[in-house]
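Report on the structure given below.
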Amino acid sequence: MSAPSIALLYPGDRPMRDRADPAESRFGALFEAFASAGVKAVPAVYNDAFADEVEQQLHDCQLVLAWCNPIEGGRRRDLLDAMLRRVADTGVVVSAHPDAIQKLGTKDVLFETRDLPFGSDVCRVENLKQLEEELPERLLRGARVLKQYRGHSGIGVWRVELMEGATRRLRARHAQRGSEEEVLELGALLAKLAPYFEVASGGHMIDQAWQPRMVEGMIRAYLVEDSVAGFGHQSVNALYPGMPGGPAPAPGPRLYYAADLPQFQDLRQRLEAEWVELLRARVGLAREQLPLLWDCDFMLGERSVGGPGRYVLCEINVSSVSPFPPSAITPLVSAVQRRLSEI
Numbered sequence: 118m119s120a121p122s123i124a125l126l127y128p129g130d131r132p133m134r135d136r137a138d139p140a141e142s143r144f145g146a147l148f149e150a151f152a153s154a155g156v157k158a159v160p161a162v163y164n165d166a167f168a169d170e171v172e173q174q175l176h177d178c179q180l181v182l183a184w185c186n187p188i189e190g191g192r193r194r195d196l197l198d199a200m201l202r203r204v205a206d207t208g209v210v211v212s213a214h215p216d217a218i219q220k221l222g223t224k225d226v227l228f229e230t231r232d233l234p235f236g237s238d239v240c241r242v243e244n245l246k247q248l249e250e251e252l253p254e255r256l257l258r259g260a261r262v263l264k265q266y267r268g269h270s271g272i273g274v275w276r277v278e279l280m281e282g283a284t285r286r287l288r289a290r291h292a293q294r295g296s297e298e299e300v301l302e303l304g305a306l307l308a309k310l311a312p313y314f315e316v317a318s319g320g321h322m323i324d325q326a327w328q329p330r331m332v333e334g335m336i337r338a339y340l341v342e343d344s345v346a347g348f349g350h351q352s353v354n355a356l357y358p359g360m361p362g363g364p365a366p367a368p369g370p371r372l373y374y375a376a377d378l379p380q381f382q383d384l385r386q387r388l389e390a391e392w393v394e395l396l397r398a399r400v401g402l403a404r405e406q407l408p409l410l411w412d413c414d415f416m417l418g419e420r421s422v423g424g425p426g427r428y429v430l431c432e433i434n435v436s437s438v439s440p441f442p443p444s445a446i447t448p449l450v451s452a453v454q455r456r457l458s459e460i
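Going by this note's numbering, the sequence shown opens with residue 118, and the numbers climb by one from there.
Listed below in structure tokens is the structure:
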């Protein structure tokens with residue numbers, strides 16, 4: 118039997134790995150599409166407990182598509198990233214490569230691109246002392262969103278604003294699901310944020326101005342390399358201002374659309390004609406280093422009288438882009454085939 122051309126790596130436990138059943142994963146339709154295109158794809162169920170075994174499996178492939186959150190089951194992906202780098206060093210194509218994740222998939226990208234057309238008022242906060250000294254002044258201009266260096270699902274993302282008529286009393290809400298809005302003194306907020314400044318958590322935070330139109334929903338543009346392959350749209354309610362002590366409203370469903378959805382063609386045109394290139398150049402990635410599948414989340418920026426609508430970058434997802442719209446499958450398979458032909 119011939120060796121598989123590609124492996125789809127995603128987290129799981131020992132029984133999942135032993136079964137190696139594509140239908141058990143979130144990627145059944147993708148496995149089927151690869152099979153229809155004549156590309157042999159196999160599951161590579163990953164866990165730190167059997168990382169060596171997965172590494173040996175990947176050495177027998179030509180290309181690896183990896184899906185694993187920055188924090189998976191309470192564990193960071195340090196061991197996985199080191200392993201993927203070793204595999205890539207042997208000539209196996211790894212997407213997304215950990216180096217691409219470092220340049221695109223952390224909140225630092227918001228600071229690096231703050232002056233680009235999709236950028237916003239963003240500061241990098243190096244330590245708690247800097248946050249204590251600078252945050253109160255920024256809050257006088259409006260609410261801020263503090264984001265840990267690398268995370269997902271709202272973990273380590275906080276909306277903070279001054280209480281009306283106060284100078285150091287704050288309303289704060291963590292975006293992690295189930296969190297409740299709190300009223301805090303600045304010192305109490307600093308204590309809650311202290312873990313994000315630890316070296317293991319990146320050692321710093323990103324401070325972005327709150328975008329009032331976020332209540333109108335988040336637009337997710339899915340890309341295969343430098344081309345838009347679909348869209349998602351969702352009401353993201355985790356940071357909605359609410360009643361103190363009350364939970365955030367439940368998020369609305371994410372609705373998926375093909376790349377030709379009329380209402381987002383202006384965003385598609387900006388991404389494909391200019392923004393991806395600006396982003397790639399700013400963070401220092403060659404085109405061939407772009408992930409095979411990634412996405413950019415945009416909020417709607419403040420309206421300007423007579424001017425075009427603005428899109429403000431919220432984050433870029435590279436580590437684990439799933440689920441994704443069905444329209445992304447065909448271009449992803451084609452892109453993988455092109456990469457395989459170049460090996």
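Note that the Cβ used here is the ideal one computed from N, Cα and C, for glycine as well. As the structure is a prediction and not an experimental result, all values here were calculated from the model.
- Here the alpha carbons of residue 259 and residue 150 stand approximately 48 Å from one another.
- Rounded to whole angstroms, the gap between the alpha carbons of residue 303 and residue 272 is 20 Å.
- One alpha carbon belongs to residue 426, the other to residue 181, and they sit about 38 Å apart.
- Taking the CA atoms as reference points, residue 252 sits about 13 Å from residue 289.
- For the pair residue 218 and residue 268, the CB atoms are not nearer than the 9 Å cut-off.
- Counting only residues of its own chain and dropping the five nearest sequence neighbours on each side, residue 176 has a CB closer than 8 Å to the CB of 204, 207, 209.
- Separation of residue 163 and residue 132 (C-alpha to C-alpha, rounded to the nearest whole angstrom) is 11 Å.
- Remark: three or more beta-carbon pairs, one from each stretch, lie closer than 8 Å, so the region 123-143 and the region 157-174 are flagged as touching.
- CA-to-CA, the gap between residue 295 and residue 154 works out to about 43 Å.
- Counting C-beta atoms within 10 angstroms of its own C-beta, residue 244 has fewer than 16 neighbours from the protein chains shown and is therefore classed as exposed.
- DSSP places residue 304 in the uninterrupted alpha helix (DSSP H) bounded by 303-310.
- Cα atoms of residue 229 and residue 390: separation of roughly 20 Å, rounded to the nearest angstrom.
- Runs of the beta strand (DSSP E) lying entirely within the region 232-267, each at least 3 residues long, are 239-242, 261-265 in chain order.
- In this structure, residue 275 sits away from residue 339, with a CB-CB distance that is not shorter than 9 Å.
- Counting only residues of its own chain and dropping the five nearest sequence neighbours on each side, residue 371 has a CB closer than 6 Å to the CB of 349, 351.
- By the CB criterion at 9 Å, residue 239 and residue 326 fall inside the cutoff.
- For the set 147, 382, 232, the Cα lying nearest the Cα of residue 444 is the one of 147.
- Between residue 156 and residue 450 the beta-carbon gap is near 7 Å, inside 8 Å, which marks them as a contact.
- In terms of Cβ geometry, residue 226 and residue 432 form a close pair [threshold 9 Å].
- No residue range can be given for residue 329, since it is assigned to no beta strand (DSSP E) and is classified by DSSP as neither H nor E.
- In this structure, DSSP gives residue 158 an extended state, which the three-state scheme calls strand.
- Annotated three-state conformation of residue 351 is strand, per DSSP.
- The beta carbon of residue 319 lies closer than 8 Å to those of 223, 265, 266, 267, 313 in the same chain, with the five residues before and after it left out.
- For the set 178, 376, 171, 231, the Cα lying nearest the Cα of residue 323 is the one of 231.
- With contacts defined as CB atoms closer than 9 Å, residue 213 and residue 183 qualify as a contacting pair.
- Between the alpha carbons of residue 459 and residue 407 lies a distance of about 15 Å.
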